[in-house]
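Enquirer: Got a structure for you, written out below as structure tokens; questions coming shortly.
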Amino acid sequence: MNILSKGNRTMMDAEKRNANKPMKIKLTAGDIVFNILNYAFFTLFTLLCFFPFYYIFINTISSNDLVRRGLITFWPQQLTISNYVAMSDVNDLWGSLAITILRTIIGTALMVFGSALAGYLMTKQEMWHRKLWYRMLVITMYFNAGLIPTYLNLNMLGLTNTFLVYIIPAIVSPYNIILVKTYIESIPGEIEESAFIDGAGYWTIFYKIIWPLSKPILATIAIFGAVGHWNSFQDSLIYNANAPELYTLQHRLYVYLNSSSNLGAIMSSSTGGEIGSLAESLNTKVLQYTISMVTIIPIMLVYPFMQRYFESGIMLGAVKG
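Numbering-wise (the working numbering), the sequence shown opens with residue 8 and increments by one.
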């Protein structure tokens, strides 16, 4: 019996060791070739996606004369940060940057809260005419009044030429509400039912249960909202045309780029020695590159911190319609 018991224990120990070892799969020649081609393709695809940003960046930190002559291709030459220093000379640049940052933070926070609350309400079967309100919400994704009626409406509400025109219209986003609603419906209903039994109300359940469990989808729509607010340009151009102190960063740099381009065209057409030499030193292409990097880099730095939430949130939020 002892011999049998020892034999059984030995066999069990061997099975445990084998279970802990990673299973080796023998690859055929076709599998190896496929893996090589697969890795090569996606590596090349990644480099192709990354190269435009890299190319713009190395042109902004290289000599303007070399950039003008088209000599910067893969490596920066004669490193300089004068292009970025020159951006600080733009009138009211820092004020526009502050407006854009405030708009991005406040607008994104209110949009996330409004979308989360509206999405949660849309999941309640006891909501009055829930299906009607939900269908009306979806319709707004496909039909809108147009630019002129929207402007007249915002003007009558007193929102034009104010900071609130950046915030209030963007609080409710039908697409984000649908994503949040779909995600909340994937949360087991038993959790909410047990909270009801313990005496919790809708607000308590939303704040202490739904909100923490919905972090992935909330982070996802936060990325959407932050990118949208940071890159927004049209509303500043149309609704705050008479309030230069409320121009966003993109609008301010757009005005600066246009004025510099016009100045360059005027100087290029001149034959004067001093003006002609100044026209040669002015490089509109470098200016465009620098403006692109100034507007892109900040929002790109945010994405890596939100990526893990973004991937899970967008997948789970799109399972059901």
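Ideal Cβ placement from N, Cα and C applies to all residues, glycine included.
Nothing here was measured: the structure is a model prediction, and the numbers come from that model.
Cα-Cα, which of 172, 182, 44 is closest to residue 254?
Expert: Taking the sequence shown and counting its residues from 1, the one referred to as residue 254 is at position 247. For residue 254, the nearest C-alpha among the options comes from 172.
Enquirer: Counting pairs of Cβ atoms below 8 angstroms between the stretch 175-190 and the stretch 247-261, do you hit three or more?
Expert: Judged by Cβ distances under 8 angstroms, the stretch 175-190 makes no contact with the stretch 247-261, as fewer than three pairs qualify.
Enquirer: Can you check which of these residues, 205, 227, 180, 34, is closest to residue 147 by C-alpha distance?
Expert: Translated into positions along the sequence shown, residue 147 becomes position 140. Answer by Cα proximity: 180.
Enquirer: Given 8 angstroms as the limit, is there contact between the stretch 139-159 and the stretch 213-224, that is, 3 or more CB pairs closer than that?
Expert: no
Enquirer: Nearest CA to the CA of residue 94: which residue from 156, 41, 296, 203?
Expert: Translated into positions along the sequence shown, residue 94 becomes position 87. Distances from the alpha-carbon of residue 94 to those of 156, 41, 296, 203 put 296 closest.
Enquirer: If you draw a straight line from the alpha carbon of residue 308 to that of residue 206, how long is it in whole angstroms?
Expert: Looking up residue 308 in the sequence shown gives position 301. Looking up residue 206 in the sequence shown gives position 199. Their backbone Cα atoms lie some 43 angstroms apart in a straight line.
Enquirer: Between which two residues does the alpha helix (DSSP H) carrying residue 83 extend?
Expert: As a first step, residue 83 must be located in the sequence shown, where it is residue number 76. Element bounds for residue 83: n/a, residue is neither H nor E.
Enquirer: Do residue 233 and residue 115 have their CB atoms nearer than 9 angstroms?
Expert: Numbered from 1 along the sequence shown, position 226 holds the residue referred to as residue 233. Numbered from 1 along the sequence shown, position 108 holds the residue referred to as residue 115. Cβ distance < 9 angstroms, so residue 233 and residue 115 count as in contact.
Enquirer: When the Cα of residue 235 is compared with those of 192, 195, 214, 174, which residue comes out closest?
Expert: Locating residue 235 in the sequence shown gives position 228, counting from the first residue. Nearest C-alpha to residue 235: 174.
Enquirer: Taking 9 angstroms as the threshold (C-beta atoms), are residue 67 and residue 90 in contact?
Expert: The residue labelled residue 90 in the question sits at position 83 within the sequence shown. The residue labelled residue 67 in the question sits at position 60 within the sequence shown. Cβ atoms of residue 90 and residue 67: closer than 9 angstroms.
Enquirer: Using 9 angstroms as the threshold, is the C-beta distance between residue 213 and residue 104 below it?
Expert: What you label residue 213 is simply residue 206 of the sequence shown in a count that begins at 1. What you label residue 104 is simply residue 97 of the sequence shown in a count that begins at 1. No, the Cβ-Cβ distance between residue 213 and residue 104 is not below 9 angstroms.
Enquirer: For residue 199, collect the residues of the same chain with a Cβ closer than 7 angstroms to its Cβ; drop the 5 residues on either side in sequence, then sort them by chain order.
Expert: Walking along the sequence shown from the start, residue 199 turns up at place 192. Excluding positions up to five away in sequence, the list reads 212, 216.
Enquirer: Check each candidate in 130, 118, 99 and name the one with the smallest Cα separation from residue 196.
Expert: The sequence position of residue 196 within the sequence shown is 189, counting from 1. Among 130, 118, 99, the Cα nearest to that of residue 196 is on 130.
Enquirer: Cα-Cα, which of 228, 167, 303 is closest to residue 248?
Expert: Looking up residue 248 in the sequence shown gives position 241. Of the candidates 228, 167, 303, the one whose C-alpha sits nearest the C-alpha of residue 248 is 167.
Enquirer: If you run the structure through DSSP and keep just helix, strand and coil, what is residue 210?
Expert: Locating residue 210 in the sequence shown gives position 203, counting from the first residue. Of the three classes helix, strand and coil, the one that applies to residue 210 here is helix, per DSSP.
Enquirer: To which residues of the same chain is residue 188 closer than 7 angstroms at the C-beta, ignoring the five residues directly before and after it?
Expert: Position 181 of the sequence shown, counted from the start, is the residue given in the question as residue 188. In its chain, beyond the 5 residues on either side, 126, 129, 130 have a beta carbon closer than 7 angstroms to the beta carbon of residue 188.
Enquirer: When DSSP labels each residue in this structure, what does residue 167 get in the three-state scheme?
Expert: The residue given as residue 167 occupies position 160 in the sequence shown. Reduced to three states, the DSSP call for residue 167 is coil.
Enquirer: Which same chain residues end up closer than 8 angstroms to residue 306 when comparing Cβ atoms and leaving out the 5 residues on each side of it in sequence?
Expert: Residue mapping note: residue 306 aligns to position 299 of the sequence shown, counting from 1. Within the same chain, residue 306 has close Cβ partners 233, 234, 237, 238.
Enquirer: Using the beta-carbon count (16 or more within 10 Å), is residue 230 buried or exposed?
Expert: On the sequence shown, residue 230 is found 223 positions in, with the first residue counted as 1. With 16 or more other Cβ atoms within 10 Å, it is buried.
Enquirer: Do residue 178 and residue 134 have their C-beta atoms closer together than 9 angstroms?
Expert: Within the sequence shown, numbered from 1, the residue matching residue 178 stands at position 171. Within the sequence shown, numbered from 1, the residue matching residue 134 stands at position 127. Not a contact, by the Cβ cut-off of 9 angstroms.
Enquirer: Quick check: what's the CA-CA separation for residue 266 versus residue 246?
Expert: In the sequence shown, counting from the first residue as 1, residue 266 sits at position 259. In the sequence shown, counting from the first residue as 1, residue 246 sits at position 239. Residue 266 and residue 246: Cα-Cα distance of roughly 21 angstroms.
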